[in-house]
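Residue numbers (the working numbering), protein chains in the order written: chain C, 188 to 332; chain G, 188 to 332; chain Z, 188 to 332; chain E, 188 to 332.
Notes follow once the structure below has been shown.
There are 4 protein chains.
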Amino acid sequence: MNTNQKALSPESRAYAAAIFSTAPFIQELGIELVDIGAGRIESRLLILPKHLQQNGFVHAGVTATMADHSAGAAAGTLSAPGKKVLTVEFKINLLRPAIGQVLRCNAIVLKPGRTISFVESEVFAINEDTEKLIAKSSVTLAMVD
Amino acid sequence: MNTNQKALSPESRAYAAAIFSTAPFIQELGIELVDIGAGRIESRLLILPKHLQQNGFVHAGVTATMADHSAGAAAGTLSAPGKKVLTVEFKINLLRPAIGQVLRCNAIVLKPGRTISFVESEVFAINEDTEKLIAKSSVTLAMVD
Amino acid sequence: MNTNQKALSPESRAYAAAIFSTAPFIQELGIELVDIGAGRIESRLLILPKHLQQNGFVHAGVTATMADHSAGAAAGTLSAPGKKVLTVEFKINLLRPAIGQVLRCNAIVLKPGRTISFVESEVFAINEDTEKLIAKSSVTLAMVD
Amino acid sequence: MNTNQKALSPESRAYAAAIFSTAPFIQELGIELVDIGAGRIESRLLILPKHLQQNGFVHAGVTATMADHSAGAAAGTLSAPGKKVLTVEFKINLLRPAIGQVLRCNAIVLKPGRTISFVESEVFAINEDTEKLIAKSSVTLAMVD
Numbered sequence: 188m189n190t191n192q193k194a195l196s197p198e199s200r201a202y203a204a205a206i207f208s209t210a211p212f213i214q215e216l217g218i219e220l221v222d223i224g225a226g227r228i229e230s231r232l233l234i235l236p237k238h239l240q241q242n243g244f245v246h247a248g249v250t251a252t253m254a255d256h257s258a259g260a261a262a263g264t265l266s267a268p269g270k271k272v273l274t275v276e277f278k279i280n281l282l283r284p285a286i287g288q289v290l291r292c293n294a295i296v297l298k299p300g301r302t303i304s305f306v307e308s309e310v311f312a313i314n315e316d317t318e319k320l321i322a323k324s325s326v327t328l329a330m331v332d
Numbered sequence: 188m189n190t191n192q193k194a195l196s197p198e199s200r201a202y203a204a205a206i207f208s209t210a211p212f213i214q215e216l217g218i219e220l221v222d223i224g225a226g227r228i229e230s231r232l233l234i235l236p237k238h239l240q241q242n243g244f245v246h247a248g249v250t251a252t253m254a255d256h257s258a259g260a261a262a263g264t265l266s267a268p269g270k271k272v273l274t275v276e277f278k279i280n281l282l283r284p285a286i287g288q289v290l291r292c293n294a295i296v297l298k299p300g301r302t303i304s305f306v307e308s309e310v311f312a313i314n315e316d317t318e319k320l321i322a323k324s325s326v327t328l329a330m331v332d
Numbered sequence: 188m189n190t191n192q193k194a195l196s197p198e199s200r201a202y203a204a205a206i207f208s209t210a211p212f213i214q215e216l217g218i219e220l221v222d223i224g225a226g227r228i229e230s231r232l233l234i235l236p237k238h239l240q241q242n243g244f245v246h247a248g249v250t251a252t253m254a255d256h257s258a259g260a261a262a263g264t265l266s267a268p269g270k271k272v273l274t275v276e277f278k279i280n281l282l283r284p285a286i287g288q289v290l291r292c293n294a295i296v297l298k299p300g301r302t303i304s305f306v307e308s309e310v311f312a313i314n315e316d317t318e319k320l321i322a323k324s325s326v327t328l329a330m331v332d
Numbered sequence: 188m189n190t191n192q193k194a195l196s197p198e199s200r201a202y203a204a205a206i207f208s209t210a211p212f213i214q215e216l217g218i219e220l221v222d223i224g225a226g227r228i229e230s231r232l233l234i235l236p237k238h239l240q241q242n243g244f245v246h247a248g249v250t251a252t253m254a255d256h257s258a259g260a261a262a263g264t265l266s267a268p269g270k271k272v273l274t275v276e277f278k279i280n281l282l283r284p285a286i287g288q289v290l291r292c293n294a295i296v297l298k299p300g301r302t303i304s305f306v307e308s309e310v311f312a313i314n315e316d317t318e319k320l321i322a323k324s325s326v327t328l329a330m331v332d
């Protein structure tokens, strides 16, 4: 996967950034874009009480939103100009309860394609000084007109 | 699957209802519990601008949250007293863009278990007078102490 | 899903049948096509010792092969002439140990598409006089030239 | 994930090896165990005509069998003595058509557990002098008595 070594065009960078800045649900949750590369995205979320489920952990839906959205933007960095990226399906394995102050997500394109891309996202919870992998997601995306 | 014909104990009903009423993220999104049966949950969400992604569709993360949470509560109606239900993993296929005024979700336990349950959720978008299946999810849940 | 009511053209029937008859691995395993409809396939497998894993159950790989292949043929019944059907991804939940004399699979197209179709397969084990659902699979397929 | 640095007990090694040597379907296909470590397995398959599907590629069911079985053995290297490893579910993304002379699979435990483990498998096709990633799988396994 030499996607990371490829140069990222200003247009691709702008498109990926807009996927974050123009999505109301992402703004609502507070998921922030941290870094963009060719075929990769890093995002973060300051965990707030509103993000939790009934046992005090971050809701799987929050983690899934972060994994899916970051994957979409990662695919977007490699998509042809004018194409839109839409999620076809994703799976997420929740490996540990999500507890802490911050979630961090790395999304990396494993197989870019003209019509279908495959991306993996890892979500980590930062609790005090410890960072743990709490979820791994595999995402299939379609490039549409 | 004769789970639907089984009587639902008051304790199980209360536990499933609490999974909705005590989860801050579900309250935040506005996902409402509509109906509870033995091994099944119906929920709904009034679509608001905050739920959308960058192209004006409901964000896949909202749909996934609804599918996962409803699946958890459905499994909760059949879990032993004192057990908590946690999502191990889920997959969601997004079949059509989610456009409309309301999302409706049906979650049904396909295989209940003492330690692991398997649940399917279907999410429909209601747009004016038309209801369409927009997502199908398969969810694995663990029953933990 | 009114796919089942649609008439099945002779060409589509022939293409779906050929997906079974011309696949060496399916012949090798002994998976037989039982019935074809528009958007649906039924298949069966006589369980032999060679299909088992180390604990005496049918290997998950056999069950997955049956679920995936039947899904592909089901999508093939609805694909445009000249298109080939290829699996993009599938997930399978193994609900019970597969024990018995026969496996039976029903694959049904939930959402046909011009470029991507979504199909679900259920696999049942028939043991003496009892048939049990042992696996459920969700399959994404691409229609390619 | 420091699983790879942990020493592998003779019992664990023997159990993982037996998962390969005593599974009739794996012998039938010709999938060979190449290497065992703590939390990881490498396997290979010499591609034969019987492994193909209708278009001349290795059947997704073969690839899935290899990914699932290797994942099970990888989880088995870390399971408590006397426990059996069973697949709960797996998802596989098929990234490229599988063409070549040999398939190679690496399975690595991402999160070991007492009752549930999560493993990822990568499958590569070796064609002449080129090795390409053709599939990625995520596997949930249960440790049972």
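The C-beta atom is built at its ideal place from N, Cα and C for all residues, glycine as well.
In terms of beta-carbon proximity, SER257 (chain G) stays away from the interface with chain Z, with every pair separated by 8 Å or more. Counting of Cβ neighbours within 10 angstroms places ASP255 (chain Z) among the buried residues, the total reaching 16 or more.
THR302 (chain C) carries a coil assignment under DSSP once its states are collapsed to helix, strand and coil.
Taking all protein chains shown into account, VAL275 (chain G) has 16 or more neighbouring C-beta atoms within 10 Å of its C-beta and is therefore buried. Using a 10 angstroms sphere on the CB of SER257 (chain C), the tally of other CB atoms reaches 16 or more, which defines it as buried. The beta carbon of SER308 (chain G) sits no closer than 8 Å to any beta carbon of chain Z. Residue contact with chain E for PHE311 (chain C): absent (no Cβ-Cβ distance below 8 Å to any residue of chain E). The beta-carbon of ILE234 (chain G) is placed no less than 8 Å from the nearest beta-carbon of chain E.
Distances from the CA of GLU315 (chain G) to each of G:LEU233, G:ALA210 and G:LEU220 were compared; the closest alpha carbon is that of G:LEU233. Rounded to whole angstroms, the separation of the alpha carbons of ILE286 (chain C) and GLN241 (chain C) is 13 Å.
Comparing C-alpha distances from ASP222 (chain Z) to each of Z:THR264, Z:GLY300 and Z:SER230 shows the shortest one belongs to Z:SER230. As summarised for the region 238-284 of chain E, the continuous beta strand (DSSP E) elements at least 3 residues long and confined to that stretch are 271-281, given in chain order.
Interface annotation, LEU290 (chain E): not in contact with chain C, CB-CB separation never under 8 Å.
Taking C-alpha positions only, GLY263 (chain E) is separated from ALA210 (chain E) by approximately 14 Å. According to the DSSP assignment, LEU233 (chain Z) belongs to the beta strand (DSSP E) that extends over 227-233.
Chain G places no beta carbon closer than 8 Å to that of PHE305 (chain C), leaving this residue out of the contacts. Pairing ALA204 (chain E) with LEU220 (chain E) gives a Cβ-Cβ distance under 8 Å. In summary, the residues of the region 256-289 of chain Z whose CB is separated from some CB of chain C by less than 8 Å are VAL275, GLU276 and LYS278, in the order they occur in the chain. For GLY248 (chain G), the nearest CB of chain C lies under 8 Å from its own CB, placing it at the interface with that chain. Going by DSSP, SER208 (chain Z) is part of the alpha helix (DSSP H) stretching over 197-208. None of the residues of the region 197-223 of chain E has a beta carbon lying less than 9 Å from any beta carbon of chain G. Scanning G:ALA201, G:THR302, G:PRO268 and G:PHE207 for the CA closest to the CA of MET330 (chain E) turns up G:THR302. Secondary structure note for GLU215 (chain E): it is in no beta strand (DSSP E), and the uninterrupted alpha helix (DSSP H) holding it is 211-216. The alpha carbon of GLU307 (chain G) has as its nearest neighbour, out of Z:LYS319, Z:LEU290, Z:ILE279 and Z:PRO284, the alpha carbon of Z:ILE279.
A straight-line Cα-Cα distance of about 49 Å links GLN214 (chain E) and ILE213 (chain G).
Not a single CB atom of chain Z sits nearer than 8 Å to the CB of SER230 (chain G).
Residue environment for THR252 (chain C): buried (at least 16 other C-beta atoms within 10 angstroms of its C-beta).
Here the C-alpha atom of GLY243 (chain Z) lies approximately 8 Å from the C-alpha atom of PRO236 (chain Z). Straight-line measurement puts the Cα of SER196 (chain C) at about 47 Å from the Cα of ALA261 (chain G). 8 Å or more divides the Cβ of ILE321 (chain G) from the Cβ of VAL289 (chain G).
In this structure LYS323 (chain E) touches GLU309 (chain E) by the C-beta definition: roughly 6 Å separates them, less than 8 Å. Going by C-alpha positions, GLY248 (chain E) is about 22 Å away from THR327 (chain G). Residues of chain E with a Cβ closer than 8 Å to the Cβ of LYS237 (chain C) do not exist, since the nearest Cβ in that chain sits about 27 Å away.
LEU239 (chain Z) and LEU281 (chain Z) have their C-alpha atoms roughly 15 Å apart. Counted as a single uninterrupted DSSP element, the stretch harbouring ALA194 (chain E) is not any beta strand (DSSP E), since DSSP gives it neither H nor E. The beta-carbon of LEU328 (chain Z) is placed no less than 8 Å from the nearest beta-carbon of chain G.
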